[in-house]
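*Asks:* For reference, the structure I am asking about is given below.
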Amino acid sequence: MPLTLPDIEKNYSQLKACGEDLEWDDWSRANFIQPLPGKFNLSFAVMDKNKIIGYSIISQRDKVAAHLHRLMVLGAYRREGTGAIMWEEIFRRLRQENITSLTLKVAKVNLRAIKFYKKKNAKIVGEDGDYYVMRSKI
Numbered sequence: 000m001p002l003t004l005p006d007i008e009k010n011y012s013q014l015k016a017c018g019e020d021l022e023w024d025d026w027s028r029a030n031f032i033q034p035l036p037g038k039f040n041l042s043f044a045v046m047d048k049n050k051i052i053g054y055s056i057i058s059q060r061d062k063v064a065a066h067l068h069r070l071m072v073l074g075a076y077r078r079e080g081t082g083a084i085m086w087e088e089i090f091r092r093l094r095q096e097n098i099t100s101l102t103l104k105v106a107k108v109n110l111r112a113i114k115f116y117k118k119k120n121a122k123i124v125g126e127d128g129d130y131y132v133m134r135s136k137i
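Quick note on numbering: numbering that gives the first Met the number 0 labels position 135 of the sequence shown as 134, and the sequence is numbered without any gaps.
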């Protein structure tokens with residue numbers, strides 16, 4: 000399902016629930032609705048029986064680069080392949096827009112996510128406080 004501004008407003012509580020159990024999930028309603036280039040075109044949610052079980056928030060940095068702000072999966076659906084399916088959908092959407100590079104930040108304490116991104120060929124390219132900056136070629 001696309002994540003347009005009306006979709007975000009309507010489903011905010013379900014989106015927020017995807018990261019409620021994570022201590023580093025500090026996104027507010029303002030973060031979700033903040034307009035960024037390409038955000039409402041590239042971002043999406045994954046559903047299971049009319050329930051949001053994951054979402055991805057992406058913005059376009061320039062003609063060939065995008066940034067992954069969030070890739071969240073509801074706790075009960077983690078380690079079930081949902082994140083991998085979402086990663087492939089992210090890449091499909093970025094290729095469609097001729098984007099060749101994706102950056103993201105991941106909390107240094109989020110070892111599971113770091114392992115996931117490395118498995119998907121994302122490389123640590125820097126640090127920003129409590130976060131690693133990672134980059135992946137599309």
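A virtual CB, placed ideally from N, CA and C, is assigned to each residue, including glycine.
1. Determine the closest residue to Q13 out of E22, E126, V72, Y131, with distance taken between C-alpha atoms.
2. The beta strand (DSSP E) that contains E126, what's its start and end?
3. Just tell me which of K50, V108, F90 has its CA closest to the CA of G98.
4. Span of the beta strand (DSSP E) holding R134?
5. Count the other CB atoms within 10 Å of the CB of R28; is the residue buried (16 or more) or exposed (fewer)?
6. Can L2 and A44 be called in contact, C-beta distance under 8 Å?
*Replies:* Reading off the structure:
1. Nearest Cα to Q13 within the set E22, E126, V72, Y131: V72.
2. 122 to 127 is the span of the beta strand (DSSP E), which, as asked, contains E126.
3. It should be noted that the sequence gives Ile, not Gly, for residue 98. For I98, the nearest C-alpha among the options comes from F90.
4. Run containing R134: 130 to 136, per the beta strand (DSSP E) assignment.
5. Flag for R28 reads exposed.
6. In contact: L2 and A44 (Cβ atoms closer than 8 Å).
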